[in-house]
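Written below as structure tokens is the structure these notes are about.
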Amino acid sequence: MLSKRLSKYFKSLQLKKYRLQERKFLVEGAKGVLEVLQSDFAVDYLLGTSDFLKELETGLKSSVNELIECKPVDLESVGTFKSNNAAIAIVQMPEVNSVNIPKGELSLALDDVKDPGNLGTIIRIADWYGVKNIFCSLETADVFNPKVINSTMGSFTRVKVHYTDLYDLIKASDLPIYGALLSGKSVRDENLIPEGVLLMGSESQGISDRLLPLVTKPVFIPGRGGAESLNVGVATAVMLDNFFR
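Okay, structure coming up:
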């Protein structure tokens, strides 16, 4: 049974202030919860309906510190889903380690991408193309925001998201820095090698003036219609597809 004290505690994790204070975050729904249970993330509490818990493998149950059987109405009161007949996991945030751009692979860098839905979509796209690391400016949306976690559809368990000063990080690297810029070379004409960093700017401002001088390979997506710009998630997908085609 879910106590009022725990219910209040779990619900508080919808707010960034308490997520950072407790170093915990919520994962909602059957797919997301199963993904996190099968990952290296540590799960403190698992709230699940009777049907969900009955079908859950014993090995996955044993990895959780505490199981609590709930009714769907309890899950809905704690989480952000309007309808949840499966589960919610309360998960420990990973330890923050030193940040370095890996060699031999392509990483993403996001400059002030503030919309949670866009960040979640980009994480899912990165997972699709096998990109393992995303480096975010300090003003980019919080990866542990429930909207971000939910929109990744479990991909947050396979893609590492780091927050850092992008200027210092990129300046210290000797890898190619691809930047999505209208003044760049067409992605169709550039010989794109999936090593280095693909830097994507914010939805409203693009890549900031501070980071522009660090871009060594500006590239753009040629269009045929009259749209002024592409959503940053869509643009990231198009860019990555050209790197890995």
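Residues in the sequence shown are numbered consecutively from 3, following our numbering. Note that CB positions come from ideal geometry on N, CA and C, so glycine has one too. None of the values given here were measured: they were computed from a predicted structure.
What first and last residue would you give for the alpha helix (DSSP H) that runs through residue i?
| i | result |
| --- | --- |
| D239 | One detail in the question is off: residue 239 reads as Ala in this sequence, not Asp. Taken as a continuous stretch (DSSP letters only), the alpha helix (DSSP H) holding A239 covers V234 to F246. |
| V75 | P74 to V80 |
| K18 | K18 to E24 |
| A32 | A32 to L39 |
| Y149 | It should be pointed out that residue 149 corresponds to Lys in this sequence rather than to Tyr. K149 -> alpha helix (DSSP H) spans P148 to T154. |
| K6 | K6 to S14 |
Evaluate residue i with the Cβ neighbour count: other Cβ atoms within 10 Å of its Cβ, from every protein chain shown; 16 or more gives buried, anything less gives exposed.
| i | result |
| --- | --- |
| D117 | buried |
| D167 | exposed |
| S153 | buried |
| S204 | buried |
| G122 | buried |
| P148 | buried |
| T142 | buried |
Once DSSP output is grouped into helix, strand and coil, what is the label at residue i?
| i | result |
| --- | --- |
| L62 | helix |
| G208 | strand |
| G122 | helix |
| F83 | coil |
| L177 | coil |
Only counting the same chain, and skipping five residues up and downstream in sequence, which positions put a Cβ closer than 6 Å to that of residue i?
| i | result |
| --- | --- |
| S41 | T159 |
| S14 | Y20 |
| V145 | V163 |
Among residues of its own chain, excluding the 5 on either side of residue i, which ones have a beta-carbon nearer than 7 Å to its beta-carbon?
| i | result |
| --- | --- |
| S52 | E71 |
| V38 | V29, V45, A91, V93 and T159 |
| N86 | E30, G31, P74, L77 and E78 |
Near residue i, which residues of its chain fall below 8 Å by C-beta distance, leaving aside the five closest residues on each side in sequence?
| i | result |
| --- | --- |
| I124 | L110, L112, V115, I136, M202, V234, G235 and T238 |
| E196 | Checking the sequence, you will find Pro at residue 196 rather than Glu. These residues qualify, in order along the chain: E107, L108, F245 and F246. |
| L177 | I103, K105, E197, G198 and V199 |
| R126 | S153, T154, M155 and S157 |
Taking residue i as part of the beta strand (DSSP E), name the residues at either end of that continuous run.
| i | result |
| --- | --- |
| V93 | A89 to Q94 |
| I136 | N135 to C138 |
| D46 | V45 to G50 |
query = When the Cβ atoms of the region 184-193 are set against those of the region 153-162, are three or more pairs found closer than 8 Å?
reply = no
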